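Colleague: Under our numbering, read the sequence shown as residues 23 to 168, first letter to last.
Here a beta-carbon is modelled for each residue, glycine too, at the ideal position from N, C-alpha and C.
Only a predicted model underlies this, so the values are computations on that prediction, with no experimental measurement involved.
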Amino acid sequence: MTAVYRAPMRSRRDDIDPQKSLDRALALGVVGFGDAGFGERLARRVDRFTDVEDGSFVWTRDADGLFWLGRIDGPYRRDDAEEAAAVDLVHVRPCRWLREPILEPDVPAAVLATYARGGRNFQQTHDPDVGPQTERIWDARSDRDR
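1) Spatial neighbours of VAL80 within its chain, please: C-beta separation below 6 Å, excluding the five flanking residues on both sides.
2) Could you pull out every residue in the same chain whose Cβ sits closer than 6 Å to the Cβ of PHE55, ignoring the five residues on either side in sequence?
3) Could I get the ranges of all uninterrupted alpha helix (DSSP H) runs contained in the segment 79-161, with 4 residues as the minimum, in chain order?
4) Kindly indicate which three-state DSSP category ARG32 falls into: helix, strand or coil?
5) What are the residues that DSSP puts in a beta bridge with PHE55?
6) Hey, is TRP160 close to the ligand GTP, as in C-beta under 8 Å from one of its heavy atoms?
7) So, helix, strand or coil for VAL68, using DSSP?
8) Find the nearest neighbour of ASP57 within the set THR147, ARG67, ASP39, ASP151, judged by alpha-carbon distance.
9) Just reading off the alpha helix (DSSP H) that ALA47 is part of, what are its end residues?
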């Protein structure tokens with residue numbers, strides 16, 4: 023089963039507009055997180071992120087409450103560009119994003135539950151149905167993108 027992750031891409035710095043981080047991620051075809059607020063735990067978080075298998079799914083949500091589905095597609099890298107630092111999105115991996123957002127009624131319940139709990143961590147969604155549900159959505163919607 024393919025793993026599914028929540029990827030809020032919201033900085034722990036409250037002065038950074040989360041939509042700008044997401045806009046950068048979608049425009050560049052990446053998924054990730056920043057340096058702010060992690061302290062000594064950052065190295066472990068980066069290691070876990072690096073170990074996520076290519077092909078894993080990621081869900082994120084924009085400022086309008088729309089959900090975006092992507093698929094990790096390459097190795098970890100640190101983005102040291104000024105623009106990346108400005109939106110605190112420096113720990114990144116390539117990601118193929120669907121071109122269109124997904125409305126809440128079409129999002130798997132387990133994904134909605136992870137966002138309802140709040141938080142800013144990149145984390146795996148542990149639910150037996152979320153992988154197959156997400157895969158079906160990806161297959162149906164990625165065909166539209168061709």
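Modeller: Quick look at the numbers:
1) Closer than 6 Å at the Cβ level, and outside the excluded window around VAL80, lie TYR27, ALA29, VAL53, GLY92.
2) Taking PHE55 as the centre and dropping the five residues before and after it, the same chain places the C-beta of HIS113, PHE144 closer than 6 Å to its C-beta, in chain order.
3) Runs found: 104-108, 131-138.
4) In this structure, ARG32 counts as coil in the three-state DSSP scheme.
5) Bridge partners of PHE55: HIS113.
6) In terms of ligand content, the structure shown is empty, and the ligand GTP therefore cannot be addressed.
7) The answer is helix: DSSP assigns VAL68 an H, G or I state.
8) Residue ARG67 is the option with its Cα nearest to ASP57.
9) DSSP places ALA47 in the uninterrupted alpha helix (DSSP H) bounded by 40-50.
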